Amino acid sequence: MPRAKRYKPYNPAKAHDRRSRDLPRNAEVASVEVDDPLGLEPGDKIVALRSLRNDPLGKLHARRQIDEAQYQGGRSFQNDWERAERGPQAVDPSREYVDGGQFREPITEGQRKAVLRLNRTERELGADGSALVHEVLILGLTMEQISRQRGLSGQRWLDYFARRFRECLDRLALIYGFATEKPRSPPVG
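Residues in the sequence shown are numbered from 2 upward in steps of one, following the numbering used here.
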């Protein structure tokens, strides 16, 4: 005679498993803990997968090569760049054609503040540092591509650009307020 099933109380946490099991063939992902949009309690977290394919900053963070302050500083720089840039305007064919040009949209306060922060970062990073940060964070180039682009080869140059980029991320973390300046020790003697 078969054994009777025992009654298990309803558990809403086990109602539906929202995790995806299938990924594209050449996916580069890392798990990251984020706020649960369907959570019942504030502060509930879930584990999600973040794509790393065209995200050099995300790759460095996922591999623990940079810390959280450097990561947040780099993301803030990318956010300011996106906010400040004003790309080409699309032509609306449904609107009536008028001779002359269109009036440009006024610059918003958020765009103005983003440009001021970008100008400050460019001053503090210097010409080489700001070019390196722009190539990695905005254009998405790797250290190998940067060294090849500048006509430099070898592991020492790759290490130099990686170290210099981390120094620039440290500076961005200071500029955007994710880190504080380390106190300098007084000279001994």
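The beta carbon of each residue, even a glycine, is placed where N, CA and C say it ideally should be.
Quick caveat, the model's predicted, so the values are computed rather than measured.
Test: L142 CB closer than 7 Å to a CB of chain B: Structure shown: chain B not included; a single protein chain is present.
Quick check on this structure: which residue in L41, S131, V33, D81 has the alpha carbon closest to the alpha carbon of F166? Among L41, S131, V33, D81, the Cα nearest to that of F166 is on S131.
For W1, which of I139, D68, G178 has the nearest alpha-carbon? Look at the range of the chain in this structure, 2 to 190, and you will see that residue 1 is not part of it.
Environment of R121 [buried if 16+ CB atoms lie within 10 Å]: R121 is classed as exposed because its beta carbon has fewer than 16 other beta carbons within 10 Å across all chains shown.
For the 8 Å Cβ check, are there 3 or more pairs between the region 140 to 149 and the region 35 to 49? Flag = no, the region 140 to 149 and the region 35 to 49 do not touch.
Three CB pairs or more closer than 8 Å across the region 48 to 61 and the region 27 to 36: A contact is defined here as three or more CB-CB pairs under 8 Å, and the region 48 to 61 meets this definition with respect to the region 27 to 36.
For G1, which residues of its own chain have a beta-carbon under 8 Å away from its beta-carbon, when the five flanking residues on both sides are left out? Past the edges of the chain, shown from 2 to 190, lies residue 1, and the structure says nothing about it.
Same chain, Cβ closer than 8 Å to R51, neighbours up to 5 away in sequence not counted: Around R51: V30, A31, S32, V33, G59, A63.
Using the three-state DSSP reduction, which class does D23 fall into: helix, strand or coil? In the structure shown, D23 sits in coil (DSSP, three-state: anything other than H, G, I, E or B).
DSSP on E136, reduced to helix/strand/coil? Three-state DSSP puts E136 in a helix.
Span separating the alpha-carbon of E69 from that of D171: When the Cα atoms are used, E69 and D171 turn out to be separated by approximately 10 Å.
Please report how far the alpha carbon of D160 lies from the alpha carbon of H135, in whole angstroms. D160 and H135: Cα-Cα distance of roughly 18 Å.
The alpha helix (DSSP H) spanning D160 covers which residue range? Unbroken alpha helix (DSSP H) run through D160: 156 to 176.
Mind checking Q66: buried by the 16 CB within 10 Å criterion, or exposed? Under a 10 Å Cβ-count criterion, Q66 is classified as exposed, with fewer than 16 other Cβ atoms of the shown protein chains found around its own Cβ.
Cβ-based neighbour list, Q112, same chain, cut-off 7 Å, excluding 5 preceding and 5 following: Contacts found: R84, A85.
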